[in-house]
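Please read the structure below before turning to the comments.
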Amino acid sequence: MIAPSILSADFARLAEEAAVVSEGDGGADWLHVDVMDAHFVPNLTLGLPVVESLLRATDTPLDCHLMIDDPDRWAPGYAEAGVHNVTVHVEAARNPVMLAKDLRAAGAKAGLSIKPGTPLEPYVEILKHYDTLLVMSVEPGFGGQKFMPEVLDKVRTARRLVDTGHLTLLVEIDGGISADTVEAAAEAGVDCFVAGSAVYGADDPGRAVRALREQVVSATPHRWAP
Ligand code: DX5
Ligand code: ZN
Numbered sequence: 298m299i300a301p302s303i304l305s306a307d308f309a310r311l312a313e314e315a316a317v318v319s320e321g322d323g324g325a326d327w328l329h330v331d332v333m334d335a336h337f338v339p340n341l342t343l344g345l346p347v348v349e350s351l352l353r354a355t356d357t358p359l360d361c362h363l364m365i366d367d368p369d370r371w372a373p374g375y376a377e378a379g380v381h382n383v384t385v386h387v388e389a390a391r392n393p394v395m396l397a398k399d400l401r402a403a404g405a406k407a408g409l410s411i412k413p414g415t416p417l418e419p420y421v422e423i424l425k426h427y428d429t430l431l432v433m434s435v436e437p438g439f440g441g442q443k444f445m446p447e448v449l450d451k452v453r454t455a456r457r458l459v460d461t462g463h464l465t466l467l468v469e470i471d472g473g474i475s476a477d478t479v480e481a482a483a484e485a486g487v488d489c490f491v492a493g494s495a496v497y498g499a500d501d502p503g504r505a506v507r508a509l510r511e512q513v514v515s516a517t518p519h520r521w522a523p
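According to my numbering, the sequence shown is numbered sequentially starting from 298.
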């Protein structure tokens with residue numbers, strides 16, 4: 298799955314920017330929406346009112362990545378609004394198991410994100426309550442940063458836990474994904490690839506999405522065979 302991040306889109310034209318990556322065969326599977334509160338990360342983006350407008354503007358499922366303090370309080374509102382996958386940071390959540398239950402009860406998939414320096418092992422039991430694991434491959438806060446290949450060890454561990462039946466979740470990666478890095482991430486076992494600047498910085502964002510998908514499929518054909 299490819300999830301373009303609208304962090305690198307034109308915020309004054311979000312409906313068109315959503316459409317341009319979603320149209321046609323091989324378009325975006327999810328639209329990744331980065332919510333930042335200037336507390337959990339040193340940047341400020343958008344919140345629930347903009348997400349509600351986006352939900353009305355596109356049929357592509359929204360993947361909201363909440364880089365905010367106190368997600369226990371704020372994240373369920375995104376699920377209730379109709380966001381498909383709501384991801385919170387384990388470093389910010391007070392009660393991540395309860396929060397996952399709240400998100401699912403509101404009809405969303407529950408996602409848990411870990412920053413590059415956060416280990417995976419302590420959270421394996423908690424992840425049994427989640428539908429997606431978002432492995433950050435840059436420090437959260439800004440688009441256009443350099444991919445950190447060292448996080449792929451966590452992807453490999455998560456892939457093993459899923460393939461051996463210990464966890465049931467999608468492994469998602471976010472940060473620095475481009476034509477240069479997407480194949481390594483695919484080989485490590487990623488299911489869902491977030492890409493911001495590599496998509497919206499391209500002359501043809503729709504084509505950039507399809508090109509990333511083709512690279513993933515050709516790097517790991519055994520995983521996508523019918
Ligand atoms: C960063 C965000 C990412 C960002 C990725 O904190 O979580 O989703 O948009 O941007 P690129 O793909 O440019 O690294
Ligand atoms: Zn993100």
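All residues carry an ideal CB built from backbone N, CA and C; glycine is no exception.
Assuming the contact rule is C-beta atoms closer than 8 Å, residue i and residue j should be a hit. Round their C-beta distance to whole Å, please.
| i | j | result |
| --- | --- | --- |
| D360 | V330 | 7 Å |
| A481 | P446 | 6 Å |
| V332 | H362 | 7 Å |
| A315 | L351 | 7 Å |
Taking 8 Å as the cut-off, decide whether the C-beta atoms of residue i and residue j are in contact.
| i | j | result |
| --- | --- | --- |
| G408 | V383 | yes |
| R453 | A483 | no |
| G344 | G503 | no |
| G374 | V506 | no |
| D326 | A300 | yes |
| T429 | L467 | yes |
| E419 | M433 | Checking the sequence shown, residue 419 turns out to be Pro, not Glu. For P419 and M433, no; Cβs fall outside 8 Å. |
| G472 | Q512 | no |
| L424 | L449 | no |
| L509 | V487 | no |
| L328 | T357 | yes |
| N340 | G404 | no |
Compute the Euclidean distance between the alpha carbons of residue i and residue j, then round it to the nearest angstrom.
| i | j | result |
| --- | --- | --- |
| I365 | Y427 | 18 Å |
| K451 | P416 | 8 Å |
| E422 | E388 | 15 Å |
| A402 | L396 | 10 Å |
| I470 | D477 | 14 Å |
| W371 | E349 | 14 Å |
| A492 | G498 | 10 Å |
| V435 | S475 | 13 Å |
| P368 | E377 | 14 Å |
| A335 | T342 | 8 Å |
| V385 | P518 | 31 Å |
| D500 | G440 | 17 Å |
| R456 | K406 | 19 Å |
| R391 | C489 | 26 Å |
| G462 | R310 | 42 Å |
| S410 | V394 | 13 Å |
| M298 | V347 | 24 Å |
| L431 | S302 | 13 Å |
| S515 | W521 | 9 Å |
| D460 | F444 | 25 Å |
| E313 | P523 | 33 Å |
| F308 | K398 | 32 Å |
Hey, is residue i close to the ligand ATP, as in C-beta under 7 Å from one of its heavy atoms?
| i | result |
| --- | --- |
| P339 | The ligand ATP is absent from the structure shown, which contains only the ligand DX5 and the ligand ZN. |
Going residue by residue through the region 328 to 386, where are the continuous alpha helix (DSSP H) segments of at least 4 residues, counting only ones entirely within it?
345 to 354, 368 to 378
Using a strict less-than 5 Å threshold between each residue's beta carbon and the heavy atoms of the ligand ZN, what residues do you get?
D331, H362, D471
List in chain order: all unbroken beta strand (DSSP E) runs of 3+ residues lying wholly within the region 388 to 451.
406 to 411, 429 to 433
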